[in-house]
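Below is one structure, written out as structure tokens; comments come after it.
In our numbering, the protein residues as written are 327 to 608.
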């Protein structure tokens with residue numbers, strides 16, 4: 327029956343992380359190390375707000391861009407933390423977790439044959455999403471000897487006329503590596519020199535210790551050529567709520583929104599996290 331399947335789907339392996347998760351779910355007294363998930367449940371105020379929203383009958387479709395009040399809260403949250411301003415009307419998109427945001431950005435910018443540079447080890451979905459858009463993932467090995475930080479020199483050696491983007495996932499899943507500020511600046515210069523897009527998955531931005539997280543789009547001249555992905559799964563222990571976002575230029579967020587409109591209708595769970603002052607406390 328494989329003749330009915332697309333070649334791109336057949337090239338994508340099943341997720342090893344999800345396989346381990348399914349196995350662990352059948353066993354008692356097992357600590358799963360397969361999925362990045364806090365070891366505590368969603369805080370009670372968030373759970374109570376979710377229940378209140380349901381009881382109040384807020385169960386309808388919302389704006390496909392995400393509730394404006396949530397987009398405003400996300401924009402204010404990022405500006406408070408990192409000093410980068412995003413227009414909530416046009417530069418913020420609410421997604422079904424970072425996973426959907428990754429699918430949207432790849433679908434919006436990758437043409438068949440385009441290359442996307444990805445530091446490795448990497449989150450299992452990164453290369454899969456590139457393949458699913460008929461792109462070519464170009465893996466750059468990193469090592470424990472260098473704290474799993476990608477080398478800007480290695481990135482430059484991998485750049486070809488087909489390179490479209492550099493995909494960064496720092497703080498890194500699965501290694502825990504954090505990219506030094508100087509290396510980020512060097513990657514940013516490469517993106518500018520070779521006219522590349524940088525896709526920065528920053529879902530673990532609040533789980534850094536001893537250093538301050540740097541929002542990639544906050545680097546000089548990087549806001550217009552960066553798309554930053556984030557969400558509440560890790561910082562707010564809301565993995566099962568599937569609440570993420572993408573921020574970037576009007577053009578790219580608009581293209582992502584177009585795909586989003588034809589694939590996902592965002593639901594009312596967003597009302598939970600945009601209660602007044604909540605993001606300001608985290």
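Where is the CB? At the ideal position from N, CA and C, for every residue including glycine.
Which same chain residues, not among the five before or five after residue i, have their C-beta less than 6 angstroms away from its C-beta?
{"i": "residue 530", "result": "497, 560"}
{"i": "residue 520", "result": "485"}
{"i": "residue 422", "result": "568, 590"}
{"i": "residue 549", "result": "543"}
{"i": "residue 541", "result": "408, 410"}
{"i": "residue 499", "result": "362, 449"}
Near residue i, which residues of its chain fall below 8 angstroms by C-beta distance, leaving aside the five closest residues on each side in sequence?
{"i": "residue 436", "result": "442, 456, 459, 460, 461, 490, 491"}
{"i": "residue 466", "result": "443, 444, 445, 446, 476, 477, 480, 481, 484"}
{"i": "residue 558", "result": "564, 567, 569, 570, 599"}
{"i": "residue 537", "result": "504"}
{"i": "residue 506", "result": "475"}
{"i": "residue 532", "result": "539, 560, 561, 608"}
{"i": "residue 369", "result": "562, 563"}
Note the first and the last residue of the continuous alpha helix (DSSP H) segment covering residue i.
{"i": "residue 569", "result": "Counting along the chain, residue 569 falls outside any alpha helix (DSSP H), and DSSP gives it neither H nor E."}
{"i": "residue 502", "result": "Note, residue 502: premise wrong, no alpha helix (DSSP H); not H, not E."}
{"i": "residue 584", "result": "576-587"}
{"i": "residue 478", "result": "478-484"}
{"i": "residue 532", "result": "Note, residue 532: premise wrong, no alpha helix (DSSP H); not H, not E."}
{"i": "residue 337", "result": "333-337"}
{"i": "residue 384", "result": "Element bounds for residue 384: n/a, residue is neither H nor E."}
Since I believe residue j is in contact with residue i (beta carbons under 8 angstroms), could you give me their beta-carbon distance rounded to a whole number of angstroms?
{"i": "residue 418", "j": "residue 513", "result": "In fact, because the Cβ distance is near 24 angstroms, the residues do not count as touching under 8 angstroms."}
{"i": "residue 431", "j": "residue 525", "result": "6 angstroms"}
{"i": "residue 473", "j": "residue 503", "result": "5 angstroms"}
{"i": "residue 454", "j": "residue 585", "result": "Contact flag wrong, Cβ pair sits at about 17 angstroms."}
{"i": "residue 408", "j": "residue 544", "result": "5 angstroms"}
{"i": "residue 579", "j": "residue 416", "result": "7 angstroms"}
Select from the options the residue whose C-alpha is nearest the C-alpha of residue i.
{"i": "residue 527", "options": "449, 515, 547, 486", "result": "449"}
{"i": "residue 338", "options": "405, 463, 349", "result": "463"}
{"i": "residue 363", "options": "580, 562, 575", "result": "562"}
{"i": "residue 388", "options": "398, 377, 420", "result": "420"}
{"i": "residue 426", "options": "508, 555, 486", "result": "555"}
{"i": "residue 588", "options": "548, 506, 391", "result": "391"}
{"i": "residue 576", "options": "365, 411, 334, 383", "result": "411"}
{"i": "residue 523", "options": "539, 532, 540, 547", "result": "547"}
{"i": "residue 583", "options": "428, 487, 510", "result": "428"}
{"i": "residue 552", "options": "516, 532, 534", "result": "516"}
{"i": "residue 495", "options": "439, 488, 424, 329", "result": "424"}
{"i": "residue 501", "options": "349, 509, 534, 518", "result": "534"}
How far does the beta strand (DSSP E) with residue i in it extend, from its first residue to its last?
{"i": "residue 491", "result": "489-494"}
{"i": "residue 466", "result": "462-467"}
{"i": "residue 525", "result": "523-527"}
{"i": "residue 552", "result": "552-557"}
Sorted by chain position, which residues of the same chain lie with C-beta nearer than 7 angstroms to residue i's C-beta, five sequence neighbours on each side aside?
{"i": "residue 334", "result": "457, 458, 460"}
{"i": "residue 398", "result": "414"}
{"i": "residue 511", "result": "545"}
{"i": "residue 438", "result": "460"}
Taking 9 angstroms as the threshold (beta carbon to beta carbon), is residue i in contact with chain C?
{"i": "residue 448", "result": "The displayed structure is made up of one protein chain only, and chain C is not part of it."}
My parser needs the beta strand (DSSP E) runs of 3 or more residues fully inside the region 402-455; what are they?
The DSSP assignment places 418-421, 441-446 as complete runs of the beta strand (DSSP E) inside the region 402-455, in order along the chain (cut-off: 3 residues).
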